[in-house]
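First the structure, in the form of C-alpha cells, and then the observations on it.
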Ligand code: ADP
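Residue numbers (the working numbering): 185 to 645.
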C-alpha cells in the first residue's frame, strides 16, 4: 500500500485526493504556488511545499520542482488530479525514472491516447466506432480536401494534441477548408507546440456521452456506466448527469462494451474515461480517451457507490480491482453543477477576487466539492471552477428538485458566478425532458440570459 502521496494539484480536486488519503491513513504532501499559500489544500495536507510563483508554468507545471518536492518529502507516489500535468507523458516518465508511482496509467499509454489522431487509429483497428474522417494525421491541404469530399461537409479539423476545445475548426465547404486548416494548425502550434491535425465529420448537435472505466494491472477492466455531459458552452461542460436520461438499454450496453474494448485495446491501467458523441440516429462514435480522473467523476460515484479515487489508489498500489462488472449496479440519479467564477451576462468573463462569504448547501443527497471558504481569494491565474455541487435522488425528478433546493441554499458573495444560470437550466423544458444535446446552450442562450438578467435585477431590488 502507498504510504505518502504528493498531490500535484490545487483547488477542489487536491482536497478530494487529500481527504481520500486521510480516510485511508495515507500521508499527503501538498504543493502550492506563492498565490495559494492560504489555500485549504495546504492546510489539510500533512506537509506542504511551495513549488514556485503564481503562474502555472512556474509552479503547478514545474516538473523539476514537483519531483524534487516528492523526493525531498519521501513520497512514494504522485497523484496528478486533472488538468496541469495529469496527461503529460513527460511528467509520468519523470516519475517512473525517479521510482515514484504516478497514480494513473504509464507514460506510454498517456502518450498514445493523448495523441488524438493516433488514438483514433488504434480505436479503428480495435473495432471501436470512430467518427468518419481521416485514418490518422493529415499534413497537406490537398489530402484534407479529398477526405472532406469523401466524407461530406461540414467537417472539423482537429488538433492531435488538442484539449479544452482548442485547435478545432469547422469547415462548411471546399471554400472554407484552407482557412480552417491553417487556423486550426496555427492555434494548435501556439497552444500545444504541435500543429498536427486530423479530420472528422462534424456530427450535428450530438450528445456528449462518456463512459467511466477502471482497469487494473491484472488485465481486469470494468465500466461504471455513462454520463451525459452535453450541457456545454464553448466546449466546456457546465452540468453533468448520470445515468444519461431517456436512454435505450441496448444502446447503453453497446456504448459501455465499446468503452471497455477501447481500454483493453490500449492495455489501460487506472481510472479513465472514454468519450463518445452520439448522433440523432443514436449512432455513437469515439472521440477521445481521458487518461485521468475527471471533474464529473462524483456523479458516477453517487449512482454506483464505487469510490473512483479509492480505486485509483488501489490500482496504483498494484492490487487487483475489488469489484467485478456484475457488482456494478446503477441506482438512482445524480447531477453535478460546476459553479464557475464567471459572469454569464458578460460572455462568461472570469470573475476572480475576494470571496466575502460562502455558505454551502447540505442535507440528504447533497455533496459539495470545493476549496472555497469565507474570506478566501479566487486567483486570476487558475481555472475558474469554484465549486461542484452534486446531488443524488432516487429518480431524476427528485435529483432535479434537490439540485434546485441545493442551489437556492448556496451563497457565494463577492464574485460573479454561473450559479443562477445553472439554476435556471433546471427549469428549462428541454433540459427537463432529458433529451438535450450539445447545442442546448447555444439554442437556449437568449431566453436563459433574458431570465438571468431579470432574476439578477430582482435580486438587486
Ligand atoms: P477536447 O479535448 O477539447 O475536450 P474533444 O475532441 O473531446 O476535445 O471535443 C470537445 C467537444 O467538441 C465534445 O464534447 C463535442 O461536444 C465536440 N465535438 C468533438 N468532436 C466532434 C465531432 N466530430 N462532431 C461534433 N462535435 C464534436
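Note that beta-carbon positions come from the ideal geometry of N, C-alpha and C, so glycine has one too.
- Excluding the 5 residues flanking it on each side, residue 233 has same chain C-beta neighbours closer than 6 Å at 215, 253, in chain order.
- With a cutoff of 6 Å, residue 298 does not count as near the ligand ADP, since its C-beta is closer than that to no heavy atom of the ligand.
- The region 315 to 331 and the region 346 to 353 do not touch, with fewer than three beta-carbon pairs separated by less than 8 Å.
- Looking at the DSSP output, residue 340 bridges to 354, 384.
- Linking residue 276 to residue 617 through their CA atoms gives a straight-line distance of about 43 Å.
- Taking C-beta atoms under 8 Å as the contact rule, residue 452 and residue 289 qualify, at a distance of about 6 Å.
- For residue 580, the uninterrupted alpha helix (DSSP H) segment begins and ends at 580 to 593.
- Judged by their CB atoms, residue 406 and residue 509 are nearer to each other than the 7 Å cut-off.
- Beta-bridge pairing by DSSP links residue 520 to 424, 574.
- Between residue 192 and residue 298 the beta-carbon gap is near 17 Å, outside 8 Å, which marks them as no contact.
- Residue side-chain check: residue 395 keeps its Cβ at 6 Å or more from all non-hydrogen atoms of the ligand ADP.
- Across the set 571, 512, 284, the C-alpha of 512 shows the shortest separation from the C-alpha of residue 427.
- For a cut-off of 8 Å, the C-beta gap from residue 602 to residue 528 is around 6 Å, short enough to register as a contact.
- Proximity of the region 223 to 230 to the region 194 to 201 meets the contact definition, three or more beta-carbon pairs being nearer than 8 Å.
- At least 7 Å separates the beta-carbon of residue 337 from that of residue 504.
- Residue state for residue 286 is assigned as strand, using DSSP reduced to three classes.
- Where residue 214 is concerned, the enclosing beta strand (DSSP E) starts and stops at 211 to 217.
- Taking C-beta atoms under 8 Å as the contact rule, residue 588 and residue 604 fail to qualify, at a distance of about 12 Å.
- In this chain, the beta strand (DSSP E) harbouring residue 474 covers 468 to 474.
- Straight through space, the alpha carbons of residue 572 and residue 549 are spaced by roughly 14 Å.
- Less than 7 Å divides the Cβ of residue 369 from the Cβ of residue 381.
- In this structure, 608 is the residue among 608, 477, 515, 578 with its C-alpha nearest to the C-alpha of residue 592.
- The region 626 to 644 makes no contact with the region 549 to 559; the number of CB pairs closer than 8 Å stays below 3.
- Between residue 362 and residue 335 a beta carbon distance of about 17 Å is seen, past the 8 Å cut, so the two are scored as non-contacting.
- Contact between residue 532 and residue 594 does not hold, since their C-beta atoms are separated by about 19 Å, which reaches or exceeds 8 Å.
- Around the Cβ of residue 564, a 10 Å sphere holds fewer than 16 other Cβ atoms; the residue is exposed.
- For residue 405, the enclosing beta strand (DSSP E) stretches over residues 405 to 417.
- Our two residues, residue 620 and residue 185, have alpha carbons roughly 43 Å apart in a direct line.
- If the five residues before and after residue 586 are omitted, its C-beta is found closer than 6 Å to the C-beta atoms of 549, 575, 577, all from its own chain and listed in chain order.
- About 4 Å separates the beta carbons of residue 287 and residue 263, which is inside the 8 Å limit, making them a contact pair.
- With a threshold of 6 Å, the Cβ atom of residue 471 counts as near the ligand ADP, since some heavy atom of the ligand is closer than that.
- Burial check for residue 307: the Cβ neighbour count within 10 Å reaches 16 or more, so the residue is buried.
- In the DSSP assignment, residue 396 falls within the beta strand (DSSP E) that extends over 391 to 399.
- The closest CA to that of residue 506, considering only 399, 415, 376, 440, is found on 399.
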